[in-house]
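Top to bottom, those sequences are chains A and B. The first sequence begins at 1 in full-length UniProt numbering and counts up by one. The second sequence begins at 1 in full-length UniProt numbering and counts up by one. Even for Gly, the Cβ is constructed at its ideal location relative to N, Cα and C. Since the model is a prediction, treat every value here as computed from it, not as a measurement.
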Amino acid sequence: MTGAALLRNLKRKLNGWVALSVMGAFLALLPSLYILLGLFAHTNENWQHIQEYMLLDYALQSLWLVLGTGACTIIVGVSLAWLVAAYDFPLRRFFAFAFVLPLAIPPYIAAYTYGNMLSYTGSIQTFLRNSLGWTLDQRYFDIMSMKGAIFIFTLFLFPYVYLITKTFLEKQSAAFIENARLLGKNSIHIFFRIVLPLSQAAIAGGASLVAFEVLNDFGVTNHFGIQSFTTAIFKTWFGMYDVDSAIRLAAWLMSLIIGIFVVERLVRKRKKFSSPTNRVTPLRRRKLTGLPMYAALCFCMLIVSLSFFIPVVQLSVWATWTYEEVLNERFVQLLTNTLSISVVSITLLMLLAVTVANVIRYSRTSVFAMVMTRLISMGYSIPGAVLSIGVLAVMISLDKELGPLYVWLGFPEGKLVLSMSLFMLVFAYIIRFLAVGFNAVEAGFEKTGNRYAEAARMLGMGMTRTFFKVDLPLIKGAVITGFILVFMEIVKELPLTLLLRPFNFETLATKAYQYASDEQIQQASIPSLFIIAVGIISVYFYHWVGERQAK
Amino acid sequence: MSFFQLENVTFGYGTGSGPVLRNFSLRMEQGEIVGILGSSGCGKSTLLRLIAGLEAPAGGRIRIGERVLVDERQFVEPEHRGVGMIFQDYALFPHLTVEQNILFGLHRLPKKEREVRLREMLALVQMEGFGKRYPHELSGGQQQRVAFARALAPRPAILLMDEPFSNLDADLKQKIREELKTLLRAAHITTILVTHDREDAETICDRIIRMAR
């Protein structure tokens, strides 16, 4: 291609949409850049201390958490996915949905609920003592440990593995499994020799999501007193007031995440099995009878109770004890805070998500599109604590740059405007959850295809008018889905909100956390139930959209 | 000088795969109906996308009359080309009625003229009385007629048709082919029709060009 043609193509492709997308992607990259720069900064004494006595511990604890949770979620998630996808038994449809419900309960809420239930004065031990007269060894009830944390994470994160694996099995595996059945293989053989190897990519995808969630967590590990990377970042930041060392820790954690990312890619690389034909035959389910049926029912019942009904019932009981004390004007303020910051963040986020998706849809395989997608999705795999440090660093240096402007506007010298305001939190939410909104919108664009937009261009409408007259009405559903999913994420997000909120700005999540860490677990139940309710609505909506698409 | 001209147009999708079109040239007179015949993958749909402005050629020139649509230095966006196109699956906007679909391309006309042109187009394709329907409430043949009306309404200089019969039942095809032929003659519009079916091209077109891979 000649230089003139290159210039022509550049001119053709540069417009407001592209400029806005590139700017958004750059902003999304900025905090990560700041953090990685932290690796090259000078170290201080604190860091020497951290490196010598603590770093290895943090790394090992985080590693054990990730590995333990990963293994357990794979066992639970894959076996449930296989059960639901390949067999028919009573209540199957109910379970298929109920296994997604744990996603509505943030692990930190589950952690303090179970933590309290299993304590000496909690409902379980009280019941055993008073009604049955048993006083058992406290060791049996020790949930405030590594094992306990893995237990909690497994129960409330397995749906990621379950969902992805189930979708894969239902849509992709029928031909292989039916062939194996015809070849006379028994169920156990099929599961281990066909299902597991086939769904490797799906399982790896789900498990890496679980790993990101575990590394993102602050609430569970902090409540259970585990020294993970994230809690360590909090401690160096708020305990030692050493932002530099916190950034350095964050940089190490981010390197770990990038490592997981690469491993997942490598596992997936050549293992992306899908049938070569486009014809999708759904898997025919086998009816379970007799003992296997009862075993399946019991297993499903157990998981659903532990991962949803027991904590929700316990929280509801606590709520009846405390609602008079908790539900007051301050609580209304809490709701308004949560709602308004969510709506503002989501609106901006969806604008950016739609813009980028609209730009890259015409050249999905180009380098530009791939880079944009990566940048947009990056925030979701960065733990909240890490991201918030990056955002803080960006905002502080922005404040320094803008200092003269502030003085000119009448603020006192050295005033931090951005880094003390809600703007910072909104900015962080957008980067963190951009991927969620973007994926929803992109799915919408993929479903409608480009031909309507192309038809509109041929009829004399520019890109912008085409978007408002044709694209937006057609992807409306996808935009709403994105809105709801991001809403759920923001409402339950804890570490980001805790670290970046302005002084005295409380949301449902921070209030629930505050009650719980002040040993006022019963009071925490009401904000927690609100968060769970939002989660259930989103999960139900998501499920409903999925079912409708399946039809 | 001919009315419509492609000179040495070259195009390839991405690197690695060779060019789909190499130095393709074509001249057409006003009102001429040219059929482009070839098996799938020979680049005939790409040719239409290049004329429409949905892809940019790596080299060559396309012009209508005196006006250059694309060459080394300039690129006219599809919305400013004055080219009409009927897509393979018609791409009628599912959220708009037949009337709204046809009016869609008339936004540059004054309000009154829009209404007049709409009536004209509905009459041309004999779809009066269907104006308030949505695309999914129409048969395949009716959808095609609406797509035709929608593409012609803004009076494009040239009309492109991509496999116009591929979505129709075989027994319907013969009838619609004749219909379309009459419509095209009545509208007296310069047309390029792309198809893989020799009979389609022979029934409708003045001239047939065969493309090989």
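Reduced DSSP category for residue i - H, G, I as helix; E, B as strand; rest coil
i, result
"B:VAL9", "strand"
"B:LEU69", "strand"
"B:PHE75", "strand"
"B:MET85", "strand"
"B:GLY59", "strand"
"B:THR97", "coil"
"B:ALA91", "coil"
"A:ILE226", "coil"
"A:HIS543", "helix"
"A:CYS298", "helix"
"A:LYS415", "coil"
"B:LYS132", "coil"
"A:ASN116", "helix"
"A:MET254", "helix"
"A:ASN216", "helix"
"A:VAL436", "helix"
"A:MET293", "helix"
"A:TYR362", "helix"
"B:ARG177", "helix"
"A:CYS72", "helix"
"A:HIS42", "coil"
"A:LYS185", "coil"
"B:GLU202", "helix"
Under 9 Å by beta carbon: chain E residues contacting residue i
i, result
"A:GLU454", "Here the protein chains are A and B, and chain E is not one of them."
Contact belief for residue i with residue j at Cβ below 8 Å, rounded distance in angstroms
i, j, result
"A:ARG8", "B:PHE75", "5 Å"
"A:VAL470", "A:ALA453", "6 Å"
"A:PHE153", "A:PRO102", "Not a contact, Cβ separation roughly 11 Å."
"A:VAL161", "A:VAL78", "6 Å"
"A:ILE360", "A:MET378", "Not confirmed; about 15 Å, so no contact."
"B:ILE36", "B:LEU47", "7 Å"
"A:PHE224", "A:PHE234", "That belief does not hold up - the Cβ atoms of A:PHE224 and A:PHE234 are roughly 14 Å apart, past 8 Å."
"B:ALA151", "B:LEU159", "6 Å"
"A:LEU118", "A:ILE109", "A:LEU118 to A:ILE109, Cβ: 15 Å. No contact."
"A:LEU253", "A:VAL386", "6 Å"
"B:ARG49", "B:GLU55", "5 Å"
For residue i, the residue or residues it bridges with in DSSP
i, result
"A:LYS287", "A:ASP88"
"B:ASP162", "B:VAL194"
"B:PHE24", "B:VAL9"
"B:LEU118", "Answer by DSSP bridge pairing: none, since B:LEU118 is not bridged."
"B:PHE4", "B:MET28, B:ILE64"
"B:LEU37", "B:THR195, B:ARG210"
"A:VAL426", "Its beta-bridge partners do not exist; DSSP assigns none."
Counted within 10 angstroms of its Cβ, other Cβ atoms place residue i as buried (16 or more) or exposed
i, result
"A:ARG548", "exposed"
"A:GLY460", "buried"
"A:PHE99", "buried"
"A:PRO159", "buried"
"B:GLU29", "exposed"
"B:ARG81", "buried"
"B:PRO110", "exposed"
"A:LEU333", "Residue 333 of chain A is actually Gln in this sequence, not Leu. Burial call: exposed."
"A:GLY390", "buried"
"A:VAL491", "buried"
"A:PHE427", "buried"
"A:LEU315", "buried"
"A:THR507", "buried"
"A:PRO282", "exposed"
"B:SER2", "exposed"
"A:ARG432", "buried"
"A:TYR112", "buried"
Distance cut-off 7 Å: residue i Cβ against heavy atoms of the ligand SAM
i, result
"A:PRO107", "Inclusion of the ligand SAM in the displayed structure is not the case, the ligand content being empty and no account of it being possible."
- Query: Relative to chain A, which residues along the segment 54-70 of chain B have a C-beta separation below 9 Å, given in chain order?
  - Reply: So the close ones are LEU54, ALA56, PRO57, ALA58, GLY59, VAL70.
- What residues in the segment 115-138 of chain B have a beta carbon less than 7 Å from any beta carbon of chain A? If the cut-off is 7 Å between Cβ atoms, the segment 115-138 of chain B has nothing near chain A.
- Interfacial residues, the segment 164-194 of chain B to chain A, with Cβ spacing under 8 Å: Under the 8 Å Cβ criterion, the segment 164-194 of chain B contributes no residue.
- Task: Could you please tell me which residues of the segment 195-209 of chain B, in chain order, have their CB closer than 8 Å to any CB of chain A?
- Result: In summary, no residue of the segment 195-209 of chain B has a CB separated from any CB of chain A by less than 8 Å.
- Task: Report the residues of the segment 4-29 of chain A with a CB closer than 7 Å to any CB of chain B, ordered along the chain.
- Result: In summary, the residues of the segment 4-29 of chain A whose CB is separated from some CB of chain B by less than 7 Å are ALA4, ALA5, ARG8, ASN9, ARG12, in the order they occur in the chain.
- Task: Select from the segment 459-475 of chain A all residues with a C-beta closer than 7 Å to any C-beta belonging to chain B, and list them in chain order.
- Result: Answer in chain order: LEU459, GLY460, MET461, GLY462, VAL470, PRO473, LEU474.
- Task: Residues of the segment 421-455 of chain A with a CB closer than 8 Å to any CB of chain B: list them in chain order, please.
- Result: So the list reads ARG451, TYR452, GLU454, ALA455, given in the order they occur along the chain.
- Item | Interface positions of the segment 94-115 of chain B facing chain A (Cβ-Cβ less than 8 Å), listed along the chain | Residues PRO94, HIS95, PHE104, GLY105, HIS107, ARG108.
- Could you run through the segment 302-334 of chain A and flag, in chain order, every residue whose CB is less than 8 Å away from some CB of chain B? From the segment 302-334 of chain A, no residue has a Cβ closer than 8 Å to chain B.
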